[in-house]
Ligand SMILES: [Zn+2]
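In my numbering, the protein residues as written are 292 to 709.
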């Protein structure tokens, strides 16, 4: 059978038979029958011989997590240009934002469209960067309507010293109502976090103040870090393209960044928060990798196709994982990516040289990713007792030895809704 069918049993239970069950970190199971009672997985067993004709040619997986995105760009048909040099791409982002800044409804529509696209691609938990109060509200409403969970990381930007106090007030207001419990039990679906944008757009005192607020309120933090060679040069030597960029905006102050600053300096402060995301980390070196291995509550969000769009040198995700650091995946936005499918991000990673089979990488968009955002990882595994939330991909394959190759080429994931 090609499509998945869901059968209702005499006691209201739902039964699904799939060719493969692919769970994060586990060996795949062939010909599996899953029984769901009251929205939870009641039983997982082999399909009995007389039911084999009812098995759907699909691989079933848990629902996905997208660790990092900016839904405000969700109505872009293609990524913004130019992709290099990076500060010129930032200028395109700023132009796009200011052209639409008086259109609150447009921003709301973009967020709804992006969440709809994500939901259709199997995402049930999202780490979103929110740039205005209106976009926070829009995200919260869209999540409620879809029954999805998410973190609204309020973006804070201010490279000059006179912007520090107003941005800290924005941060304080955003997390003022953050409950500190409930996420892990799955009760709480909307979480408020903070996002100091990046070292080239946030004054060091503002960054420190934001992490202090996060520490006091248990809010998660996300910062774009070590994304480009230009950023590393700015931190290290206070020279290069970002100095020109900041000068052109009348924001450059040579004393703002101490000479010899490194991404490690930012990670050390981030580690004071209960949970933090270092987004990108494209140019993390041995010192950062070793620190992240010792501090798994600071996770790295690798955005594979965005990384490729900007033509960076190979990402150190495998060195990070080998050292024991946590790496999850994000789509970033449609300003640098063709769509919001985190499954396609995983396929992109699994197609790289020396990559493990897809089921060993699956935690990057399920269990590990959920934990990195402060949620219950078990909700992103199809296991007896867990809430059932699942996706499937077409999968005509009768042996485990070919399964990884089939999954690498398989079509988009779609929701399994019993
Ligand atoms: Zn981003």
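Even for Gly, the Cβ is constructed at its ideal location relative to N, Cα and C.
Here's the rule I'm using: 16 or more other beta-carbon atoms within 10 Å means buried, otherwise exposed. How should residue 605 be labelled? exposed
With a CB to CB cut of under 6 Å and the five nearest residues on each side skipped, what residues in its chain are close to residue 395? 425
Under a three-way DSSP split, which group does residue 543 fall into? coil
Whole-angstrom distance between residue 688 and residue 694, CA atom to CA atom: 6 Å
Tell me the DSSP secondary structure of residue 348 in three-state form. strand
Buried or exposed: residue 302, going by 16 or more other Cβ atoms within 10 Å of its Cβ? exposed
Please identify the residue among 311, 316, 296 whose C-alpha is closest to the C-alpha of residue 650. 316
Looking at ligand 1, does it come within less than 7 Å of residue 420, judged from the CB to the closest heavy atom? yes
Taking one C-beta from the region 659 to 676 and one from the region 565 to 574 each time, how about it: are there three or more such pairs within less than 8 Å? yes
In terms of residue numbering, what span does the alpha helix (DSSP H) encompassing residue 401 cover? 395 to 411
Does the beta-carbon distance from residue 673 to residue 353 come in below 8 Å? yes
Which runs of the alpha helix (DSSP H) spanning at least 4 residues fall entirely within the region 532 to 609, listed in chain order? 532 to 539, 554 to 561, 577 to 585, 595 to 600
At least 3 beta-carbon pairs within less than 8 Å: the region 487 to 501 vs the region 547 to 558: yes
Using the three-state DSSP reduction, which class does residue 297 fall into: helix, strand or coil? strand
Less than 8 Å between the CB atoms is what I'm expecting for residue 492 and residue 450, so what's the real figure, rounded? 6 Å
Under 8 Å, do residue 534 and residue 511 count as touching if we go by C-beta distance? no
Residue 588 Cβ short of 7 Å to ligand 1 heavy atom set: no
Residue 570 CB to nearest heavy atom of ligand 1 below 7 Å: yes
I want to see whether chain B comes within less than 8 Å of residue 653, judged by CB atoms only; does it? The chain inventory of the structure shown lacks chain B, comprising one protein chain alone.
Report the option in 411, 536, 592, 350 whose CA atom is closest to the CA atom of residue 385. 536
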